[in-house]
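Visitor: In the working numbering, the protein residues as written are 44 to 165. Mind having a look at this structure? Questions to follow.
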């Protein structure tokens, strides 16, 4: 009886829906994606964005994300960046909750991007 119970539990856990999540990536991975023209979403404030951002990044402050999420494409990967990685993690979680399936949070954010010597657009 016990082996049958164990097999049943294993089968149920294998069939259970997976919880969607985002992937945290290093800035090197973002650089490669950015060079390929992938969609980069900057969730910092307007003022922070004007100080310098990843070339080609779209600005959508975290505070506005819920109301303007329809501006973010669902049919391609979304690379999310902020100053340090905290707001981008929050934004990434919101995107996943809204059904986005290819979401990448940039570890260290713009701090890591500039420390790596990557280009900044003003």
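Ideal Cβ positions, reconstructed from N, Cα and C, are used throughout, including at glycine.
#1: Under a three-way DSSP split, which group does residue 84 fall into?
#2: Where do the N-terminal and C-terminal ends of the beta strand (DSSP E) with residue 148 fall, by residue?
#3: If I measure Cβ to Cβ from residue 156 and keep anything under 6 angstroms in the same chain, skipping five residues before and after, which residues do I get?
#4: By DSSP's criteria, residue 66 is part of a beta bridge. Which residues make up the other side?
#5: Start and end of the beta strand (DSSP E) containing residue 123?
Guide: So, to answer that:
#1: Within the chain shown, numbered from 1, the residue matching residue 84 stands at position 41. If DSSP states are grouped into helix, strand and coil, residue 84 belongs with the strands.
#2: Position 105 of the chain shown, counted from the first residue, corresponds to residue 148. Segment 146-149, the beta strand (DSSP E) holding residue 148.
#3: Taking the chain shown and counting its residues from 1, one reaches residue 156 at position 113. Within the same chain, residue 156 has close Cβ partners 70.
#4: As a position in the chain shown, residue 66 is number 23, starting the count at 1. Beta-bridge pairing links residue 66 to 147.
#5: As a working mapping, residue 123 is identified with position 80 in the chain shown. Start and end: 121-124.
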